[in-house]
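For the sequence shown, position 101 (counting from the first letter as 1) is numbered 101 according to full-length UniProt numbering, and the numbering increases by one without interruption.
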Amino acid sequence: MLQPFDSVASSLNQTMTILVIVSVLLAIVILYNLINIKVAERIRELSTIKVLGFHNNEVTLYIYRETIVLSLVGIVLGLVAGFYLHQFLIQMISPATRLLVCSLIFIYLLVNKNPPFQRAGNSL
Numbered sequence: 001m002l003q004p005f006d007s008v009a010s011s012l013n014q015t016m017t018i019l020v021i022v023s024v025l026l027a028i029v030i031l032y033n034l035i036n037i038k039v040a041e042r043i044r045e046l047s048t049i050k051v052l053g054f055h056n057n058e059v060t061l062y063i064y065r066e067t068i069v070l071s072l073v074g075i076v077l078g079l080v081a082g083f084y085l086h087q088f089l090i091q092m093i094s095p096a097t098r099l100l101v102c103s104l105i106f107i108y109l110l111v112n113k114n115p116p117f118q119r120a121g122n123s124l
């Protein structure tokens, strides 16, 4: 009886895992691109720092520290903003709308001849 629900839950877990992996990869690519743009825009400043006596490692650490601080600030602000945006969106959806969506999904599951449901019916 629970086999169709387990297969649906398993496929949802796989889909969410793929979405999380793609999101992380996209964030890495965006951060890499932003760092390259930031360094290209500030090449004169970095050259001046090197002329003042900084070594290559010190300039690299300077860029790393700045990137890490900005990333941490962005993560904290993003989490806080995401939490409040989620709360706002949940409050905007009325309980009647949530009930309607759940009812429509339930009706769809009853009417649909989905392969997992057919396999479950054939296995009995």
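Don't be surprised by glycine CBs; every beta carbon is placed ideally from N, CA and C.
Near residue i, what residues of its chain come up, given a Cβ to Cβ distance below 7 Å and the 5 sequence neighbours on each side ignored?
i: residue 67; result: 35
i: residue 59; result: 46, 49 and 50
i: residue 55; result: none
i: residue 17; result: none
Determine the direct distance from the alpha carbon of residue j to that of residue i, and round the result to whole angstroms.
i: residue 28; j: residue 21; result: 11 Å
i: residue 31; j: residue 80; result: 20 Å
i: residue 87; j: residue 98; result: 15 Å
i: residue 94; j: residue 100; result: 10 Å
i: residue 102; j: residue 26; result: 32 Å
i: residue 76; j: residue 85; result: 14 Å
i: residue 12; j: residue 105; result: 15 Å
i: residue 107; j: residue 96; result: 16 Å
i: residue 52; j: residue 23; result: 40 Å
i: residue 90; j: residue 78; result: 18 Å
i: residue 72; j: residue 82; result: 15 Å
i: residue 112; j: residue 10; result: 19 Å
May I ask which residues mark the beginning and end of the alpha helix (DSSP H) holding residue i?
i: residue 112; result: Element bounds for residue 112: n/a, residue is neither H nor E.
i: residue 52; result: Counting along the chain, residue 52 falls outside any alpha helix (DSSP H), and DSSP gives it neither H nor E.
Consider the Cβ of residue i: report whether some Cβ of chain D lies at a distance smaller than 8 Å.
i: residue 47; result: Note that chain D does not occur in the displayed structure, where there is just one protein chain.
Apart from the five residues on each side of it in sequence, which residues of its chain come closer than 8 Å, Cβ to Cβ, to residue i?
i: residue 42; result: none
Requested in this report: Inspect the CB distances between the segment 56-74 and the segment 33-48 and report whether three or more fall short of 8 Å.
Outcome: Contact check between the segment 56-74 and the segment 33-48: three or more CB pairs, one atom from each, fall below 8 Å, which counts as touching.
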